Amino acid sequence: MNSKNKNVWIWGLVIAVVVIGAVFFFLPHKQTTEASSLDLSKTYIADIVVKDYGTIEVELNPKEAPLTCENFIELANEGFYDNLTFHRIMKGFMIQGGDPNGDGTGGSEKTVKGEFSSNGVENSLSHERGVISMARSSDKDSASSQFFICDADDPFLDGDYAAFGKVIKGMDVVDKIADDAKPTDNNGSISKDEQPVIETITIKEQ
Numbered sequence: 007m008n009s010k011n012k013n014v015w016i017w018g019l020v021i022a023v024v025v026i027g028a029v030f031f032f033l034p035h036k037q038t039t040e041a042s043s044l045d046l047s048k049t050y051i052a053d054i055v056v057k058d059y060g061t062i063e064v065e066l067n068p069k070e071a072p073l074t075c076e077n078f079i080e081l082a083n084e085g086f087y088d089n090l091t092f093h094r095i096m097k098g099f100m101i102q103g104g105d106p107n108g109d110g111t112g113g114s115e116k117t118v119k120g121e122f123s124s125n126g127v128e129n130s131l132s133h134e135r136g137v138i139s140m141a142r143s144s145d146k147d148s149a150s151s152q153f154f155i156c157d158a159d160d161p162f163l164d165g166d167y168a169a170f171g172k173v174i175k176g177m178d179v180v181d182k183i184a185d186d187a188k189p190t191d192n193n194g195s196i197s198k199d200e201q202p203v204i205e206t207i208t209i210k211e212q
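Per the numbering used here, the very first residue in the sequence shown carries number 7; after that it's consecutive.
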């Protein structure tokens, strides 16, 4: 990789990190503050079915991020994610989706406390390849519905974003989505007619 291309890639990566933390909440959101009611003796698996690609199977980790997991499970069970998309994709970094607006500006009707160390919450999950985590604005308690799956090890995100699970099957699907992406800018933005569609997210309890 020549120095010019390397600089462009690094700049794009920096922008992408900012995008994960971009301000996408323009309306008041109800904050989730109550304790999680999830049964920690159970295993929670999320099957993310992506049209024309396949299924990404994610094991959630409510012991590390109980409020985040509960919010994600509730949204999935409500059908919130059905037919939403992955709107921002950067190969070698992450794929991001779960925005009802499809452009990084939307969320659900409520937000959830940021479960990461810079917000006073211990979370030992590292942003390694396959880890799922929540996007948020500059407000540490602003995560809502947008999530991202790491396409590579991204430890620089540790402590500032709420990782809450990891892909246990289907990383080939994540890789294919990243490989096929045609970003329109260095932010990883994908035009709406080319955004991979999340058909459903189904939660299994074991």
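Even glycine gets a Cβ: it sits at the ideal position worked out from N, Cα and C. Small disclaimer: the values here were computed from a predicted structure and weren't measured.
What's the C-alpha gap between residue i and residue j?
{"i": "His206", "j": "Ser130", "result": "The residue you asked about is not His; residue 206 is Thr in the sequence shown. Rounded to whole angstroms, Thr206 to Ser130 spans 28 Å at the Cα level."}
{"i": "Ser124", "j": "Asp145", "result": "12 Å"}
{"i": "Ile183", "j": "Ser151", "result": "20 Å"}
{"i": "Asn89", "j": "Gly165", "result": "31 Å"}
{"i": "Pro189", "j": "Ala82", "result": "27 Å"}
{"i": "Asn11", "j": "Pro72", "result": "Low confidence applies to Asn11: its pLDDT is 48, below 50, so where it sits in the model is not reliable, and the reading given next is rough at best. Those two C-alpha atoms are separated by around 41 Å."}
{"i": "Ala52", "j": "Ala187", "result": "23 Å"}
{"i": "Gly103", "j": "Ile196", "result": "11 Å"}
{"i": "Thr74", "j": "Lys48", "result": "16 Å"}
{"i": "Asp45", "j": "Arg142", "result": "26 Å"}
Check whether the Cβ atoms of residue i and residue j sit closer than 8 Å, and answer yes or no.
{"i": "Val64", "j": "Ile174", "result": "yes"}
{"i": "Ala169", "j": "Ser139", "result": "yes"}
{"i": "Lys172", "j": "Gly136", "result": "yes"}
{"i": "Gly76", "j": "Ser114", "result": "The sequence shown places Glu at residue 76, not Gly. Contact: no."}
{"i": "Ile209", "j": "Ile79", "result": "yes"}
Along the chain, where does the alpha helix (DSSP H) that runs through residue i open and close?
{"i": "Leu66", "result": "It is not in any alpha helix (DSSP H) - Leu66 instead sits in the beta strand (DSSP E) that spans 60 to 66."}
So if DSSP puts residue i in a beta bridge, which residue, or which two residues, is it bridged to?
{"i": "Met140", "result": "Phe153"}
{"i": "Ser213", "result": "With the chain represented from 7 up to 212, any question about residue 213 goes unanswered, as that position is not in the structure."}
{"i": "Ala52", "result": "Val64, Ile209"}
{"i": "Ile204", "result": "Val56, Leu90"}
Grab the span of the beta strand (DSSP E) containing residue i for me, first residue to last.
{"i": "Phe170", "result": "169 to 175"}
{"i": "Ala82", "result": "Segment 72 to 84 is the alpha helix (DSSP H) holding Ala82; no beta strand (DSSP E) there."}
{"i": "Gln102", "result": "100 to 103"}
{"i": "Thr190", "result": "Here Thr190 belongs to no beta strand (DSSP E), and DSSP marks it neither H nor E."}
{"i": "Lys116", "result": "116 to 118"}
Going by the C-beta, is residue i closer than 7 Å to any heavy atom of the ligand GTP?
{"i": "Leu66", "result": "Looking at this structure, you won't find the ligand GTP or any other ligand, since it has none at all."}
Can you give the beta carbon distance from residue i to residue j, rounded, assuming they're within the 8 Å contact cut?
{"i": "Tyr50", "j": "Glu211", "result": "6 Å"}
{"i": "Thr91", "j": "Pro202", "result": "6 Å"}
{"i": "Asp181", "j": "Met100", "result": "Not really, about 12 Å apart at Cβ, beyond 8 Å."}
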